[in-house]
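Going by numbering that gives the first Met the number 0, the residue at position 12 of the sequence shown is 11; the numbering climbs one at a time, nothing skipped.
Just so you know, even glycine gets a beta-carbon here, dropped at the ideal spot from N, CA and C.
Here the structure is a predicted model, which means the values were calculated and not measured.
Working notes, structure below.
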Amino acid sequence: MRYEESVKRLAAEFIGTFALVFAGTGAIVIDETTGGAVTHVGVALTFGLIVLAMIYTVGDISGAHLNPAVSLGFFAARRFPLRKAVPYIASQCGGALAASGVLRALFPQNEMLGTTVPAGPAFQSFVGSLSLM
0 MRYEESVKRL
10 AAEFIGTFAL
20 VFAGTGAIVI
30 DETTGGAVTH
40 VGVALTFGLI
50 VLAMIYTVGD
60 ISGAHLNPAV
70 SLGFFAARRF
80 PLRKAVPYIA
90 SQCGGALAAS
100 GVLRALFPQN
110 EMLGTTVPAG
120 PAFQSFVGSL
130 SLM
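Laid out in structure tokens, this is it:
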């Protein structure tokens, strides 16, 4: 693979993951900020539509993994070599961190940025998550 093609693929993953995290998490933050104006359906639609848009936008360039878990899954299934998976995962993590940084700058009053927080003690949540396995 040529160097330019590799950079183009990694840039596409960075941009796609940035857009996914920015739009999806942004929808959650706006929903919290406005007291529920976006609604759960709106947040779900935002995530679904941004994934659709990014697949159409960067899918032909990089395959539109947009998520380190997807790249890791392709690697585990032996459909993606490690020498490509590691840079993809780094690029995706960079895009997600950049999007979160932009959201933090735009919404400094929102400390959690849409984080799901357990209602009970951490141990209860941990044990509860084990029972789902």
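Quick one: what does DSSP say residue i is sitting in, helix, strand or coil?
i    : result
T56  : helix
Q91  : helix
Q108 : coil
V116 : coil
F79  : coil
V37  : coil
A121 : helix
A68  : helix
Taking the Cβ atom as the reference point for each residue, do residue i and residue j lie within a distance shorter than 9 Å?
i    : j   : result
A18  : S90 : no
R8   : Y87 : yes
T45  : G58 : no
G119 : F13 : no
Would you mind reading off the limits of the alpha helix (DSSP H) that contains residue i?
i  : result
E3 : 2-32
Is residue i near the ligand GDP, going by C-beta to nearest heavy atom under 8 Å?
i   : result
A75 : No copy of the ligand GDP appears in this structure; indeed no ligand is present at all.
Could you check the C-alpha separation between residue i and residue j for me, to the nearest Å?
i    : j    : result
S70  : A95  : 14 Å
V20  : G72  : 20 Å
E31  : S5   : 39 Å
V48  : I60  : Looking at the sequence provided, one finds Leu at residue 48 rather than Val. Going from the Cα of L48 to the Cα of I60 covers about 19 Å.
A84  : F74  : 7 Å
P67  : G113 : 20 Å
M111 : A97  : 16 Å
T56  : A104 : 26 Å
T38  : A22  : 14 Å
Is the CB of residue i under 9 Å away from at least one CB in chain C?
i    : result
L112 : Absent from the structure is chain C; it holds one protein chain and no more.
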